[in-house]
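Colleague:
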Amino acid sequence: MNGAIDKLLAEPGAAFEAEDDSEAAFEYCMQRGWSDGLPVVLPTTERVERMLAYCDRPWDQPVAMLAPRFGAATPLRLAANAVMAGCRPEYFPLVVLAIEAMADEPFNLYGIQATTHPCAPLVIVNGPGATELGMNSGHSALGAGNRANATIGRAVRLSLVNIGGAIPGLGDMCTYGDPTKFTYCAAENEAANPWQPLHVERGFAREATTVTVIAAEPPHNVNDHESYTAAGLLTMIAGTIASTGQNNTYYASEPVVLLSPEHAATIAGDGYSKQALKEFLFEHGRVPIRKFSPENIERRFRGKLAHRYGDAELDTPVAMVERAEDFIVVVIGGAGKHSAYIPTFGNTHAITRALKHADGSLVKSIAGLRRN
Amino acid sequence: MTLQRCVSPEAPVAAAATIALGQRAEGTGIRIGILDNSKANADHLLQFLLDAAGGSLPISATVKRRKPAASRPAAAEIVEDLARETDFVLSAMAD
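Heads up: the protein sequence lines correspond to chains Y and A, in order.
Under my numbering, the first residue of the first sequence carries the number 3, and numbering increases by one thereafter.
Under my numbering, the first residue of the second sequence carries the number 267, and numbering increases by one thereafter.
1) Starting from the Cα of Y/CYS187, find the closest Cα among Y/LEU99, Y/ILE126 and Y/ARG149 and give me that residue.
2) Is the region 317–327 of chain Y close to the region 280–293 of chain Y, with three or more CB pairs under 8 Å?
3) Can Y/VAL42 and Y/PHE109 be called in contact, C-beta distance under 8 Å?
4) Take Y/THR318 and list the residues in its own chain whose beta-carbon comes closer than 6 Å to its own, dropping the five residues that flank it on each side.
5) State yes or no: is the beta carbon of A/VAL355 nearer than 8 Å to at least one beta carbon in chain Y?
6) Does any C-beta atom of chain Y lie closer than 8 Å to the C-beta of A/ARG331?
7) By how many angstroms is the C-alpha of A/ARG350 removed from the C-alpha of A/ALA341?
8) In whole angstroms, give me the CA-to-CA distance for Y/ALA244 and Y/TYR343.
9) Could you pull out every unbroken beta strand (DSSP E) segment of at least 3 residues lying fully inside the region 206–294 of chain Y, listed in chain order?
10) Check whether the region 239–256 of chain Y and the region 212–229 of chain Y are in contact - that is, three or more C-beta pairs closer than 8 Å.
11) Which residues in the same chain have their Cβ closer than 8 Å to the Cβ of A/PRO334, if we skip the five residues on either side of it in sequence?
12) Return helix, strand or coil for Y/TYR186, following the three-state DSSP convention.
13) Look at Y/LEU68 and Y/LEU111 and say whether their C-beta atoms are less than 8 Å apart.
14) Taking A/CYS272 as part of the beta strand (DSSP E), name the residues at either end of that continuous run.
15) At a CB-CB cut-off below 8 Å, which residues of chain A make contact with Y/ASN195?
16) With DSSP as the reference, identify every bridge partner of Y/TYR343, one or two as the case may be.
17) Could you say which of Y/TYR274, Y/LYS339, Y/GLY5 and Y/PHE294 lies nearest to Y/TRP61 if we only look at CA atoms?
18) What residues in the region 7–22 of chain Y have a beta carbon less than 9 Å from any beta carbon of chain A?
19) Sort out for me which residues DSSP pairs Y/VAL333 with in a bridge.
20) Nearest by alpha-carbon distance to Y/SER142: which of Y/ARG204, Y/SER262 and Y/MET322 is it?
21) Which residues mark the beginning and the end of the alpha helix (DSSP H) in which A/SER357 is found?
22) Give the residues of chain Y in contact with A/GLN313, contact being defined as C-beta atoms less than 9 Å apart.
23) Inspect the beta-carbon positions of A/VAL273 and Y/THR153 and report whether they are closer than 8 Å.
24) Less than 8 Å between the C-beta atoms of A/LEU348 and A/GLY295, yes or no?
25) Would you tell me roughly how many angstroms separate the C-alpha atoms of Y/TRP384 and Y/SER367, rounded to the nearest one?
26) Using the DSSP secondary-structure output, state which residues sit across from Y/LEU68 in a beta bridge.
27) What would DSSP say about Y/THR177, mapped onto helix, strand or coil?
28) Which residues in chain A have a C-beta closer than 7 Å to the C-beta of Y/LEU50? List them in chain order.
29) Ordered along the chain, which non-local residues of its own chain (more than five positions away) have a Cβ less than 6 Å from that of Y/ALA66?
30) Can you list the alpha helix (DSSP H) stretches of 4 or more residues lying completely in the region 83–123 of chain Y, in chain order?
31) Taking 8 Å as the threshold (beta carbon to beta carbon), is Y/ILE126 in contact with chain A?
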């Protein structure tokens with residue numbers, strides 16, 4: 003495989019030369035707008051080729067076209083971004099899988115990349131691949147400290163900027179930014195999930211390794227140390243869901259309820275299925291129209307949403323989802339009585355993809371993908 | 267320190283159809299499309315741009331379309347109309 007990459011770099015601009023010194027590399031990439039503001043690893047041909055050892059498709063053929071630039075996301079370019087992000091080569095298949103998922107039309111990548119709304123693709127990994135890569139699903143899974151979580155999410159973000167053109171202020175018009183635009187990736191804590199894990203609920207085999215991408219805001223915490231019943235906990239979560247300033251009040255689609263293992267155990271211990279808890283939140287996580295400002299009532303509910311609320315009484319409750327099952331429920335985290343509500347962009351649908359071989363069979367071992 | 271050969275992480279911007287546009291500018295004039303994303307001031311902003319362009323470009327026709335929600339792609343028929351009836355499109359994104 004040595005040198006196989008060179009013949010793919012004939013196109014003008016496909017390659018560059020730089021000093022492989024950490025400070026110089028950081029400066030070089032910053033000057034070209036290729037970094038998120040943090041140091042990056044220089045994507046030398048040798049490092050990129052090591053990353054591509056885990057890619058069994060043509061390195062120069064796009065796996066997706068990323069909006070708003072509609073840049074071609076070839077494995078070659080994705081691998082360069084993965085190197086820069088600090089990925090180990092074995093992480094690369096999940097980076098490619100997440101990028102493919104985001105290019106699915108119902109995800110609405112163009113809207114997500116360009117919007118003023120503070121959303122970023124949340125990547126949730128399920129299945130044996132998460133364990134194989136040592137991903138964190140427990141304490142601080144959505145925080146710092148785990149290389150796979152941090153760099154898979156970062157590689158996705160760098161790719162969205164460098165290939166998709168989501169450059170802050172140019173292709174990414176997010177009003178005040180969003181810390182999850184550095185990285186936003188975790189594994190589900192399947193061992194602590196009393197129900198089906200996310201990927202099984204969404205129709206995939208338990209032994210599949212999947213990524214689910216969700217155009218999500220940062221998490222909003224639900225602190226509940228007092229409730230010891232499902233009804234009590236769900237009342238608190240519903241109260242957090244029921245707020246006026248989120249996109250889901252007018253674009254109802256798939257917000258996330260992240261349950262800590264302790265909260266999940268309490269809810270399941272009272273006999274609630276995942277569907278039952280979703281129905282509780284659907285019924286109780288609503289905001290009456292009168293809680294919105296007069297301007298919003300006039301312009302949004304009586305105007306743009308007149309087909310639904312044109313004649314509605316002011317006490318009419320506004321739900322955050324169209325159907326109870328549209329809530330995405332995941333179990334993530336370690337000990338502690340904190341869960342989270344994560345609103346979404348709105349006009350988007352979560353996409354789940356399984357890691358497969360070229361022949362369509364499920365990948366059982368990421369290590370087995372490595373080519374010599 | 268020696269220089270290392272590296273892979274660019276960046277995808278190039280798609281090449282614009284400048285040659286065709288140039289030919290039209292010298293011939294029958296340019297047909298400009300406007301795709302309003304329905305945000306509050308998009309129509310005004312796009313009209314300002316159109317007015318400004320009129321001062322320096324030989325505009326032969328203007329086609330205006332509006333999509334109902336900024337956060338969704340335009341319907342296929344709108345895209346087809348603009349592709350068929352215009353040479354380039356001014357579009358709005360975000361606010």
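Yeah, the Cβ is synthetic: ideal placement off N, Cα and C, and Gly gets one too.
Modeller: Considering the structure as presented:
1) Nearest of Y/LEU99, Y/ILE126 and Y/ARG149 to Y/CYS187, Cα basis: Y/ILE126.
2) Touching, per the Cβ criterion.
3) If you check the CB distance, Y/VAL42 and Y/PHE109 do not come in under 8 Å.
4) Closer than 6 Å at the Cβ level, and outside the excluded window around Y/THR318, lie ILE291.
5) Taking Cβ atoms only, chain Y never reaches closer than 8 Å to A/VAL355, which makes this a no.
6) Not flagged as an interface residue toward chain Y: A/ARG331, since no C-beta distance is shorter than 8 Å.
7) When the Cα atoms are used, A/ALA341 and A/ARG350 turn out to be separated by approximately 14 Å.
8) Cα-Cα distance, rounded: 10 Å.
9) Segments of the beta strand (DSSP E) lying fully in the region 206–294 of chain Y: 212–218, 222–225, 258–261 and 288–290.
10) Yes: the two stretches touch, three or more of their Cβ pairs being nearer than 8 Å.
11) SER304, listed in sequence order.
12) Under the three-state reduction of DSSP, Y/TYR186 is assigned to coil, being neither helix nor strand.
13) The beta carbons of Y/LEU68 and Y/LEU111 sit closer together than 8 Å.
14) Looking at the DSSP string, the run of the beta strand (DSSP E) that includes A/CYS272 is 269–273.
15) None at all; the shortest Cβ gap to chain A is about 32 Å.
16) Y/TYR343 is bridged to Y/HIS222 and Y/VAL259.
17) When Y/TYR274, Y/LYS339, Y/GLY5 and Y/PHE294 are compared, the shortest CA-CA separation from Y/TRP61 is found for Y/GLY5.
18) If the cut-off is 9 Å between Cβ atoms, the region 7–22 of chain Y has ILE7, ASP8, LEU10, LEU11, GLU13, PRO14, GLY15, ALA16, ALA17, PHE18, GLU19, ALA20, GLU21 and ASP22 near chain A.
19) Bridge partners of Y/VAL333: Y/LEU261.
20) Of the listed residues, the one whose Cα sits closest to Y/SER142 is Y/SER262.
21) For A/SER357, there is no enclosing alpha helix (DSSP H); the residue is found in the beta strand (DSSP E) stretching over 354–357.
22) None at all; the shortest Cβ gap to chain Y is about 20 Å.
23) Going by C-beta atoms, A/VAL273 is not nearer than 8 Å to Y/THR153.
24) In terms of Cβ geometry, A/LEU348 and A/GLY295 do not form a close pair [threshold 8 Å].
25) Only positions 3 to 374 of chain Y appear in the structure, and residue 384 of chain Y is not among them; the question remains open.
26) For Y/LEU68, DSSP records a beta bridge to Y/GLY73.
27) Under the three-state reduction of DSSP output, Y/THR177 falls in the coil class, being neither helix nor strand.
28) For the sequence presented, residue 50 of chain Y should be read as Val rather than Leu. Ordered by position in chain A, the residues that pass the 7 Å Cβ test against Y/VAL50 are VAL273.
29) Same-chain partners within the cutoff: ALA75, ILE101, GLU102 and ALA105.
30) As far as the region 83–123 of chain Y is concerned, its whole alpha helix (DSSP H) runs of at least 4 residues are 94–104 and 111–116.
31) Chain A, which has no Cβ nearer than 8 Å to the Cβ of Y/ILE126, makes this no.
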